[in-house]
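Residue numbers (my numbering), protein chains in the order written: chain Z, 397 to 922; chain R, -7 to 271. Using N, Cα and C, we set each Cβ at its ideal position, and we do this for glycine too.
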Amino acid sequence: MEASHDAHAHDDHHHAPSGIGRYFTTTNHKDIGSMYMWFSLIMFFVGGFMALVIRAELFQPGIQIVNPDVFNQLTTIHALVMIFGAVMPAFVGYANWQIPLMVGASDMAFARVNNWSFWLMPPAAALLVGSFLVPGGAAGSGWTLYPPLSIQGGISVDMTILAVHIMGASSIMGSINIITTILNMRAPGMTLMRMPMFVWTWLITAYLLIAVMPVLAGAVTMLLTDRHFGTHFFNAAGGGDPTMFMHIFWFFGHPEVYIMILPAFGIISHIIPTFARKPLFGYASMVYATASIALLSFIVWGHHMFTVGMPAAGNLFFMYATMLIAVPTGVKVFNWIATLWKGSITFETPMLFAIGFVSLFTIGGFSGLVLAVTPVDITLHNTYYVVAHFHYVLFSGAIFSIMGGAYYWLPKWTGHMYDETLGKVHFWLTAISFNITFFPQHFLGLAGMPRRIPDYAPQFTEFNQISSIGAFLLGFSQLLFLYVVIKCIRGGVKAEAKAWEGAEGLEWTVPSPAPYHTFETPPAFH
Amino acid sequence: MKKLRVIAGALAATLPALALAGYDVNIPAPKTPISTQIYGLHMEILWVCLAIFVVVFGVMFYSLFAHRKSKGAVAANFHENHMVEVIWTLIPFVILAVIAFPATRTVLSMKDASNPDMTIKVTAYQWKWQYDYLNDGVKIYATLSTPREQIGSPEEHGKVSNEHYLLETDNNVVVPVGKKIRLLITANDVIHGWYVPQLGVNQYGIPGFIKDTWFQANEPGIFRGQCSQICGKEHGYMPIVVEAKSPEDYAAWVKEQKAKQAEAAQPADKVSLADTAAR
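So, in structure tokens, the structure goes:
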């Protein structure tokens, strides 16, 4: 790379529009990363609001706040907003900000596609959330959109299908961009097996996305033609089969679960070594474990369908395959603990979230093992036990890693240290209220309370009340996170280039805040 | 710190209180051979998980405590150990095999609905259940019997006073104790789930398809459950109540139902006969 050439390229970028216009036209990975994250945070509060209405309704038996129809709509859209609007875009935001910085690239490979991937998201979100306003209200079939129930819905179901299509297209473009960037734009000397763990997890996640997003698109398109164009893919009276939708949906749905957790594993694999001041234990086995989880994710979808009535051989196959996932996941947890072993450990907020992640995600892993066992699943399927399980995996899993990662990299993004005291308060409020909210739901599920019901038998009252109180604490605690982030952006102790004593990686070699353009010439990587 | 201790103390004090108050914290008492096996499997896995949790997180919290920088811990620099990594990859396989073996047995017996003593066809509707006793010719519909005025704002209707609020039907499914009862489950509109935890049954009814499952109640009793798969607005209001009775009581119930059915069919005949005579 010649210096003169680079200087010229650098100058070109200063003609970008300023103000709001900058964000519509930007092709800068840092701008786009920030937009993804703000979008994600907004959707997190939108979805959280829906969750609080649900929990308020469930505070006691009877119907008090919303009617059963609206209740079903809230559970459906809460799930879709949190999955497609909050968790996935947050990780894409991380990918945008961190991957170029971590592999020493100047930007993402396809900068304009990157802009387009982001700007597809707000219209999709508007369709999803706006569907509450159309006649009949939003889709109320559960986020899985099982026909024939989803065939019965009104125009909101079509809006949901369109939203899913748009977000799927956005994810596929984002994934192509991420794969291309990782495979082609690494700093010289950074071989695949020397890449930062977060980059590895995203590379695998991006392949998963490309593999399964088109499958979901196919499933919802068949739903759309069944609804409007006289096809009978899922209608037995016309030779179709409702069960086929479930198979196709979960062929997407299970890898989707890992799409939402693998980047989280990546983030945690950076935070723990930093604050243990010790290199990640078992780097190679971490990579192999991640890849194994991704491959296994394609052959376990049937564990969502043990109550469908598959033959015994099918049930057994999916039970064994699902149990196998415990092995690579266990390897990851052991590696993190081995990383902590004989470290020099400090407990800054990112580390608290990482430890919270390892402990609580593992509880979600255990309840996953319980649910993997077909006969036990029979008695727990579609109960609150499942709700507890996936919130342990998604909230104290994915979202803890997102928050921990935010505290970890905020100094790099903003140039300021966040308020450590408030950060710790936020962690403890979140961790405690999370457990108050979701732990009792295990008991509800074991006792037989089905999910997605607006009203329940009196025997379930006490645990629902505890859960609802926890949920309100949990929800309002997140406003503190918003405050800490804004406070950090507006000022604070100046962050050094290497903001954490034990931090390793190329992102810590550039100044804090990271300049608008970084690594215009590839850095040296040793 | 002091506050935390207070909170922890309060929690520690409440947990046993909750247990004493008899709130359900586990799968309800199993009443069939299959649900007994399910109960046992769940307990086995729970203990295995607890043991792993204590060992693994014992190590983690020890490390967090002992290897703190504030205690002057200096970081070691090891980052792999093939022997350890192989061992902790293999051990989980063994644990999983221990769980999988009894689970496989249960799956096989659960799926074996052959040679039943009697068969009931269950058809789900939005939002009720139809039961056809294929051997005895009885046909009943079961809908929620909780009065509508109990559902709704407690300010207007007072606290929910009914013990079996939402878990009671106008016609219970009566079955004989000790007989293998095969269920043929289907649905007429959308997917529903026939779910009674104490009987160890949770089976989707899928429109256009018939799925089978079975149970055998060990003792007389009333077992309650609900629709397990979201099926629209009234999903929370389609309970299932199974009444297991001695074979004699069951026979009496069948007789009574048949008499009712005959009575219900009669007036139509009479009217049409009278009409014919008048003309």
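- Interface flag for Asn860(Z) against chain R is unset, since no Cβ pair is found closer than 9 Å.
- Following the DSSP letters along the chain, one finds Tyr125(R) inside the beta strand (DSSP E) bounded by residues 120 to 125.
- Out of Met642(Z), Leu878(Z), Glu858(Z), the CA that lies nearest to the CA of Phe435(Z) is found in Leu878(Z).
- Taking all protein chains in view, the Cβ of Ile832(Z) is crowded by 16 or more other Cβ atoms within 10 Å, so the residue is classified as buried.
- In this structure, DSSP gives Gln855(Z) a helical state, which the three-state scheme calls helix.
- One thing to note: Ile416(Z) has its Cβ no nearer than 9 Å to the Cβ of Leu56(R).
- Look at Lys820(Z): its C-beta is not under 9 Å from any C-beta on chain R.
- Rounded to whole angstroms, the gap between the alpha carbons of Met433(Z) and Arg508(Z) is 18 Å.
- Residue environment for Asp503(Z): buried (at least 16 other C-beta atoms within 10 angstroms of its C-beta).
- Interface annotation, Phe872(Z): not in contact with chain R, CB-CB separation never under 9 Å.
- Rounded to whole angstroms, the gap between the alpha carbons of Arg418(Z) and Trp512(Z) is 14 Å.
- Between the beta-carbon of Ala134(R) and that of Tyr117(R) there is about 10 Å, and that puts the pair past the 8 Å contact cut.
- Residue burial annotation: Glu652(Z) is buried, with at least 16 other C-beta atoms found within 10 angstroms of its C-beta.
- Scanning the stretch 659 to 722 of chain Z from its first residue to its last, no whole beta strand (DSSP E) run of 3-plus residues comes out.
- A Cβ of chain R is located within less than 9 Å of the beta carbon of Ile459(Z).
- The three-state secondary structure of Asn210(R), taken from DSSP, is coil.
- In this structure, Gly844(Z) keeps its C-beta atom at 9 Å or more from the C-beta atom of Gln249(R).
- When Ile79(R), Gly50(R), Val234(R), Pro239(R) are compared, the shortest CA-CA separation from Asp162(R) is found for Val234(R).
- In the DSSP assignment, Arg174(R) falls outside any alpha helix (DSSP H) and within the unbroken beta strand (DSSP E) covering 173 to 179.
- Per DSSP, the continuous alpha helix (DSSP H) segment holding Met747(Z) begins and ends at 745 to 768.
- Under the three-state reduction of DSSP, Gln494(Z) is assigned to helix.
- Counting every other CB atom within 10 Å of its CB across the protein chains shown gives Phe839(Z) a total of 16 or more, marking it as buried.
- When Met569(Z), Leu604(Z), Val616(Z), Ile663(Z) are compared, the shortest CA-CA separation from Ser546(Z) is found for Val616(Z).
- Interface residue (Cβ-Cβ distance to chain R less than 9 Å): Ser829(Z) is not classified as such.
- The C-alpha of Thr24(R) lies about 22 Å from the C-alpha of Asn127(R).
- Here Gly197(R) carries a strand assignment [DSSP, helix/strand/coil].
- With a cutoff of 9 Å on beta-carbon distance, Gly443(Z) and Ala482(Z) are scored as near each other.
- Taking Val525(Z) as the centre and dropping the five residues before and after it, the same chain places the C-beta of Val442, Ile473, Val477 closer than 8 Å to its C-beta, in chain order.
- Scanning the stretch 45 to 129 of chain R for uninterrupted beta strand (DSSP E) segments of 3 residues or longer gives 110 to 117, 120 to 125, listed from N- to C-terminal end.
- Contact of Pro544(Z) with chain R is assigned, a C-beta pair being separated by under 9 Å.
- Contact check between the stretch 534 to 554 of chain Z and the stretch 580 to 599 of chain Z: fewer than three CB pairs, one atom from each, fall below 8 Å, which does not count as touching.
- Boundaries around Gly649(Z) are those of the alpha helix (DSSP H), 638 to 655, since no beta strand (DSSP E) includes it.
- When only Cα atoms are considered, Gln494(Z) and Ala486(Z) end up about 12 Å apart.
- Taking one beta carbon from each stretch, the stretch 24 to 33 of chain R and the stretch 850 to 861 of chain Z have fewer than 3 pairs nearer than 8 Å; the two do not touch.
- Of all residues in the stretch 29 to 54 of chain R, only Gln29, Ile30, Leu33, His34, Ile37, Leu38, Cys41, Ile44, Phe45, Val48, Phe49, Val51, Met52 come within less than 8 Å of chain Z when Cβ atoms are compared, listed by chain position.
- When DSSP states are grouped into helix, strand and coil, Asp241(R) belongs to the helix group.
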